[in-house]
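S.K.: Sharing a structure here in structure tokens format.
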Ligand code: B16
Ligand code: MG
């Protein structure tokens, strides 16, 4: 049977988390507070407006809806300025090799990202051409751990969720994949990836054979 791979973007294919962190931190600092890298871990995979809510909560700051939209737009402007300068060198280890091998094996590839900026990032890093489908924050309403983004990704490549495997670096994303009935490869540290079928440090640690075995298991 045909199988498909659904890739998260930030933290799996490229490391944009550092840019998100910088831009959110600057916003918090402007509002008179700060937050830690450990807290930042909880923002991974979480959409923009929900991230802002969490940050304001940490700072004990309350803002109305209009102000929140303005703050989020300001953060995004700063973030977009940073990612506009990204290059192909920022693609994480093992990514190109795995994408090439998947293509050669006839395995479908889709993006399942919470980001509304995925198009720009994939273009800047020369990854766009590998994807049979792109589902991102522009196409979904529910934030991970809701499985919407991955269910739409599976549908976009014409496969059942059970025939798809998700690659995720965030706990919310691992949970989204499980909620959608998919297998999950966790990328990063075991303790941030509870429930993943396997955990790798980066994509250089996984082969196409392992992926096929995992889906058929
Ligand atoms: P944007 P992913 C997520 O990307 C990031 O991990 C998360 O930190 C960010 O808030 C979210 O995208 C939305 O990004 O503001 O660009 O729409 O990990 O789902 O690829
Ligand atoms: Mg991620």
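Numbering (full-length UniProt numbering), first residue to last: 6 to 222. Cβ atoms here follow ideal geometry from the backbone N, Cα and C, with glycine treated the same way. Being a predicted model, the structure only gives us computed values, none of them experimental.
(1) Using three-state DSSP, classify residue 96 as helix, strand or coil.
(2) What span of residues does the alpha helix (DSSP H) with residue 173 cover, start to end?
(3) By Cβ distance below 8 angstroms, which residues in the same chain neighbour residue 92 in space, the five residues on each side in sequence not counted?
(4) Please determine whether the Cβ atom of residue 17 lies at a distance below 7 angstroms from any heavy atom of ligand 2.
(5) Does the distance from the C-beta atom of residue 49 to that of residue 174 stay below 8 angstroms?
(6) If you measure from the beta carbon of residue 154 to each beta carbon in chain D, is any gap under 8 angstroms?
(7) Express the C-alpha separation of residue 84 and residue 45 in angstroms, rounding to a whole number.
(8) Go ahead and pull the three-state DSSP assignment for residue 12.
(9) Is it true that the CB of residue 123 sits closer than 8 angstroms to the CB of residue 14?
(10) Can you look up residue 164 in the DSSP assignment and give me helix, strand or coil?
(11) If you draw a straight line from the C-alpha of residue 70 to the C-alpha of residue 17, how long is it?
(12) Ignore the nearest five residues each way along the sequence and tell me which others in residue 211's own chain have a CB closer than 8 angstroms to its CB.
(13) Kindly indicate which residue of 51, 73, 171, 132 has the alpha-carbon position closest to the one of residue 150.
(14) Do you know offhand how far residue 111's Cα is from residue 186's?
(15) Between 65, 67, 54, 97, which has its C-alpha nearest residue 79's C-alpha?
(16) Apart from the five residues just before and just after residue 195, which ones in its own chain have a Cβ nearer than 7 angstroms to its Cβ?
(17) Return yes when the C-beta of residue 53 is under 7 angstroms from any heavy atom of ligand 1, and no when it is not.
(18) In angstroms with no decimal places, state the Cα-to-Cα distance between residue 182 and residue 11.
(19) Hey, residue 180 and residue 200: beta-carbon distance below 8 angstroms or not?
(20) Between which two residues does the beta strand (DSSP E) containing residue 115 stretch?
(21) Going by beta-carbon coordinates alone, are residue 97 and residue 213 separated by less than 8 angstroms?
(22) Could you check where the beta strand (DSSP E) with residue 191 kicks off and where it finishes?
M.R.: Looking at the coordinates:
(1) Within the chain shown, the letter at position 91 stands for residue 96. Looking at residue 96 - three-state DSSP - the assignment turns out to be strand.
(2) Along the chain shown, one-based indexing puts residue 173 at 168. Looking at the DSSP string, residue 173 is not in any alpha helix (DSSP H); the run it does join, the beta strand (DSSP E), is 169-173.
(3) Locating residue 92 in the chain shown gives position 87, where the first residue counts as 1. For residue 92, where only same-chain residues beyond five positions count, the Cβ hits under 8 angstroms are 129, 130.
(4) For the purposes of this step, residue 17 is identified with residue 12 of the chain shown, where counting begins at 1. Taking the Cβ of residue 17 as the reference point, at least one heavy atom of ligand 2 falls within a distance shorter than 7 angstroms.
(5) Taking the chain shown and counting its residues from 1, one reaches residue 49 at position 44. Taking the chain shown and counting its residues from 1, one reaches residue 174 at position 169. With contacts defined by Cβ atoms closer than 8 angstroms, residue 49 and residue 174 form a contacting pair.
(6) The chain inventory of the structure shown lacks chain D, comprising one protein chain alone.
(7) Taking the first residue of the chain shown as 1, we reach residue 45 at position 40. Taking the first residue of the chain shown as 1, we reach residue 84 at position 79. Cα to Cα, the separation comes out at about 15 angstroms.
(8) As a position in the chain shown, residue 12 is number 7, starting the count at 1. Correct three-state label for residue 12: strand.
(9) In the chain shown, counting from the first residue as 1, residue 14 sits at position 9. In the chain shown, counting from the first residue as 1, residue 123 sits at position 118. In this structure, residue 14 places its C-beta atom within 8 angstroms of the C-beta atom of residue 123.
(10) Start at 1 with the first residue of the chain shown, and residue 164 comes out as number 159. In the three-state scheme derived from DSSP, where H, G and I count as helix and E and B as strand, residue 164 is classed as coil.
(11) On the chain shown, position 65 is the one that residue 70 refers to. On the chain shown, position 12 is the one that residue 17 refers to. In this structure, the CA atom of residue 70 is about 32 angstroms from the CA atom of residue 17.
(12) Residue mapping note: residue 211 aligns to position 206 of the chain shown, counting from 1. Once the five neighbours on either side are set aside, the close Cβ partners of residue 211 are 99, 103, 190, 203, 205.
(13) The residue labelled residue 150 in the question sits at position 145 within the chain shown. Minimum Cα-Cα distance from residue 150 among the listed residues 51, 73, 171, 132 corresponds to 51.
(14) On the chain shown, residue 111 is found 106 positions in, with the first residue counted as 1. On the chain shown, residue 186 is found 181 positions in, with the first residue counted as 1. When rounded, the separation of the alpha-carbon atoms in residue 111 and residue 186 is 22 angstroms.
(15) As a first step, residue 79 is located in the chain shown; it is residue number 74 there, counting from the start. Checking every option, the nearest Cα to that of residue 79 belongs to 54.
(16) For the purposes of this step, residue 195 is taken as the residue at position 190 of the chain shown. Within the same chain, residue 195 has close Cβ partners 204.
(17) Translated into positions along the chain shown, residue 53 becomes position 48. Relative to the non-hydrogen atoms of ligand 1, the Cβ of residue 53 comes within a distance shorter than 7 angstroms of at least one.
(18) For the purposes of this step, residue 182 is taken as the residue at position 177 of the chain shown. For the purposes of this step, residue 11 is taken as the residue at position 6 of the chain shown. So the alpha carbons of these two residues sit roughly 9 angstroms apart.
(19) Sequence index remark: in the chain shown, residue 180 carries index 175 (1-based). Sequence index remark: in the chain shown, residue 200 carries index 195 (1-based). For residue 180 and residue 200, yes; Cβs fall inside 8 angstroms.
(20) Start at 1 with the first residue of the chain shown, and residue 115 comes out as number 110. For residue 115, the enclosing beta strand (DSSP E) stretches over residues 113-117.
(21) Taking the chain shown and counting its residues from 1, the one referred to as residue 97 is at position 92. Taking the chain shown and counting its residues from 1, the one referred to as residue 213 is at position 208. No Cβ-Cβ contact shorter than 8 angstroms links residue 97 with residue 213.
(22) Against the chain shown, residue 191 aligns to sequence position 186. Start and end: 188-192.
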